[in-house]
Amino acid sequence: AATIFPGQQLTAIDFAASSSATVDSQITGTERAISISLDAIHGSLTQLKAGDDVDIYIDHVPPGEQNAVVELFRSNVRILAVPGPQGGNLILRIPTREVADFAFATDHTRFYFALRPAAGAKKTPVDRATADTILRDRR
């Protein structure tokens with residue numbers, strides 16, 4: 274049994290007979306499923322489950338800059354499948370137009386996943402952190 278929160282948007286996954294719905298049954302039209310490989314050390318996602326929504330942040334060195342930043346890459350991305358405890362593939366539902374961006378980011382950056390509330394989530398503000406900004410509130 275699953276908990277349904279007030280205001281939570283119900284999807285087809287919520288009505289599936291089991292949590293093992295096939296990935297292709299969870300995408301339609303211009304949606305695509307992309308697989309992101311995670312190992313057990315860098316992908317501790319024990320609190321995530323299929324059907325959750327996440328905001329994805331990446332760390333990278335932007336072109337023309339010398340220092341790394343962490344910034345919002347995409348918000349409100351649906352998780353279709355999660356890896357097991359030994360690592361594996363996290364499968365995300367994304368628009369077709371973003372497949373190349375995700376493929377590039379998967380190979381050239383590091384992803385961080387922030388779980389969104391099951392109901393009542395507000396729009397995620399665009400944010401960027403650098404070595405200077407992480408200490409801004411301490412000065």
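In the working numbering, the protein residues as written are 274 to 412.
Where a beta carbon is used, it is the ideal one built from N, C-alpha and C, also for glycine.
The C-beta distance from leucine 353 to valine 296 rounds to 5 Å, short enough to fall under 8 Å. Isoleucine 407 is bridged by DSSP to nothing; it lacks a bridge partner. Straight through space, the alpha carbons of threonine 379 and isoleucine 309 are spaced by roughly 7 Å. If you look at alanine 387, you'll find it in the beta strand (DSSP E) that goes 383-388. Excluding five sequence positions before and after serine 348, the CB atoms of its chain that fall closer than 6 Å to its own CB belong to Asp328 and Thr397, given in chain order. Within a 10 Å sphere around the beta-carbon of glycine 357 sit fewer than 16 other beta-carbons, which makes this residue exposed. For aspartate 332, the secondary structure class from DSSP, reduced to helix, strand or coil, is strand.
The beta carbon of arginine 389 sits closer than 7 Å to those of Asp326, Val327, Asp328 and Asn349, all from its chain and outside the five residues before and after it, given in chain order. Within the model, the alpha-carbon separation for leucine 283 versus alanine 373 is close to 29 Å. The shortest CA-to-CA distance from isoleucine 277 to any of Arg409, Ala392, Arg383 and Ile331 is the one to Ala392. In the three-state scheme derived from DSSP, where H, G and I count as helix and E and B as strand, valine 372 is classed as helix.
Counted as a single uninterrupted DSSP element, the stretch harbouring glutamate 338 is not any beta strand (DSSP E), since DSSP gives it neither H nor E. Here valine 355 is near leucine 321, since their CB atoms are less than 8 Å apart. CA-CA distance, threonine 382 to threonine 303, rounds to 25 Å.
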